[in-house]
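Here is the structure we will look at.
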Amino acid sequence: MLKYIGKRLLISVITLLVILLILFLLLQLMPGSPFNDEKLSPEQVAQLKEKYGLDRPVIEQFFRYIVNMLRGDLGVSYSLSANTPITELLVNRFPITVQIGLASMIVGTFSGLVLGFLTAFFRNKVLNFIYGLFTLLGIAVPSYIFAMFFSYFLGYRVDMLPLLYDFRTPILSTVMPIMAMSFGVMSVIARFAKAEASDVMKSDYVLFAKCQGLPNGTVIMKYVLKNSLMPVITVVASLLVSLLTGSLVIERMFSVPGVGGLLTSAIDSNDYSVVIALSFIYSALYIVVMLLLDILYCIIDPRVRLGGRD
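Residue numbers (this note's numbering): 56 to 365.
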């Protein structure tokens with residue numbers, strides 16, 4: 056087990072270093088400049104490049120970039136908020152994005168598992184209709200359409216929730232973004248949960264357990280649920296990263312002061328240091344989540360432990 060975890064940890068570190076190399080190359084090859092203001096003279100641009108170390112050799116910039124990134128120094132903003140450390144720009148925005156993302160993940164996963172498993176365990180026309188309707192809407196309709204729907208009915212017509220993010224009522228202000236983002240998660244999880252549970256219920260060991268006279272509740276809890284959750288966990292992990300990094304459209308629609316708005320503003324102002332830093336954070340989050348997923352596999356599935364030992 057330790058060998059398996061160590062191998063996955065080494066792969067994660069190597070992947071992170073490769074991503075840093077790619078991001079640095081993109082930073083060098085991107086067109087334009089954060090100092091392309093017409094009011095700046097060539098001498099002022101040269102002074103700014105010297106101040107931020109952009110006039111040094113590429114190799115020196117690369118190694119300094121790697122060291123700074125690995126120790127948590129994401130650099131400073133060049134044009135979006137001049138001389139402001141990027142960590143200061145994120146310290147208030149990132150928790151809001153993570154809060155909305157985690158809440159959307161929890162709501163979408165729980166409702167999707169309940170809907171998918173109930174539809175698989177109980178052959179009911181009403182449940183099948185609800186399952187088909189919700190999964191079709193969640194997959195076919197983009198999240199911003201749900202956001203517009205909730206904004207009109209819950210925010211404007213009923214006046215139940217604030218239309219835009221309000222720091223005085225942060226919890227109420229995140230209800231509609233969470234609902235809009237969790238709908239797609241629910242539909243994906245429900246489809247996977249139903250498909251996996253239906254396949255497991257047709258397996259030989261489940262039929263053998265039923266032939267032994269075990270109650271249906273025991274068979275479902277002991278055999279079906281555990282073996283159905285493994286593939287669903289993979290889907291949850293991939294969806295979790297996308298939600299933690301925030302939805303650009305949803306955050307813009309509800310004026311949520313999250314990471315998504317910071318990223319779009321940085322792109323508009325050619326502040327490549329902020330864009331690269333956020334890309335690094337997104338990549339690191341994905342690697343960490345997938346590493347935790349591998350470790351979870353190792354704990355749940357004995358076959359993974361045996362394979363790692365071999």
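C-beta atoms are modelled at their ideal positions from N, C-alpha and C, and glycine is treated no differently.
Going by DSSP, which residues form a beta bridge with residue i?
| i | result |
| --- | --- |
| Pro140 | Val131 |
Measuring straight from C-alpha to C-alpha, what distance separates residue i and residue j?
| i | j | result |
| --- | --- | --- |
| Pro232 | Leu262 | 43 Å |
| Ile19 | Leu78 | Residue numbering for the chain in the displayed model covers 56 to 365; residue 19 lies beyond these limits and cannot be assessed. |
| Ser334 | Phe172 | 36 Å |
| Thr70 | Leu125 | 13 Å |
| Val196 | Arg111 | 49 Å |
| Val230 | Ser293 | 23 Å |
| Ser67 | Gly313 | 27 Å |
| Leu80 | Val113 | 10 Å |
| Ala203 | Val311 | It is worth fixing the name first, because residue 203 is Met in this sequence and not Ala. One C-alpha to the other measures close to 15 Å. |
| Ala101 | Glu306 | 37 Å |
| Ser328 | Leu346 | 27 Å |
| Tyr260 | Ala332 | 50 Å |
| Val181 | Gly272 | 22 Å |
| Ile384 | Leu318 | Residue 384 is absent from the model: the chain starts at 56 and stops at 365. |
| Gly363 | Val213 | Because Gly363 carries a pLDDT of 48, less than 50, the predicted location of this residue cannot be relied on, and the following value inherits that uncertainty. In a straight line, the C-alpha of Gly363 is about 56 Å away from that of Val213. |
| Val304 | Leu82 | 25 Å |
| Phe201 | Ser283 | 29 Å |
| Thr152 | Gly315 | 8 Å |
| Arg223 | Thr190 | 35 Å |
| Val296 | Gly210 | 28 Å |
| Ile161 | Met234 | 11 Å |
| Asp365 | Leu64 | With a pLDDT of only 45 at Asp365, under 50, the local geometry of the prediction cannot be trusted, and no value is derived from it. |
| Pro131 | Asn123 | Strictly speaking, residue 131 in this sequence is Val, with Pro absent from that position. About 11 Å. |
| Asn138 | Arg148 | 18 Å |
Rounded to whole angstroms, how far is the Cβ of residue i from the Cβ of residue j, which I believe are closer than 8 Å?
| i | j | result |
| --- | --- | --- |
| Met236 | Ser302 | 6 Å |
| Phe247 | Pro286 | 6 Å |
| Gln116 | Gly108 | 7 Å |
| Ile121 | Leu75 | 6 Å |
| Ser198 | Gly167 | Between Gly167 and Ser198 the Cβ distance is about 15 Å, and since that is not below 8 Å, they are no contact. |
| Ser96 | Asn325 | Incorrect: roughly 18 Å between the Cβ atoms, too far for contact. |
| Phe309 | Tyr220 | 6 Å |
When every heavy atom of the ligand ZN is checked, does at least one fall within less than 7 Å of the C-beta of residue i?
| i | result |
| --- | --- |
| Met160 | Of ligands this structure carries none, so the ligand ZN is not represented either. |
(message) Check whether the segment 245-253 and the segment 330-345 touch, using three or more Cβ-Cβ pairs below 8 Å as the test.
(response) In short, these stretches do not touch, since the Cβ pair count stays below three.
(message) List, from N- to C-terminal side, the beta strand (DSSP E) runs of 3 residues or more that fit wholly inside the segment 272-349.
(response) The beta strand (DSSP E) runs of length 3 or more contained entirely in the segment 272-349 do not exist; there are none.
(message) My parser needs the alpha helix (DSSP H) runs of 4 or more residues fully inside the segment 208-279; what are they?
(response) 225-228, 230-256, 259-266, 271-274
(request) Jot down the residue ranges of each uninterrupted alpha helix (DSSP H) in the segment 165-216, minimum 4 residues, whole runs only, in chain order. (result) 180-195, 198-205
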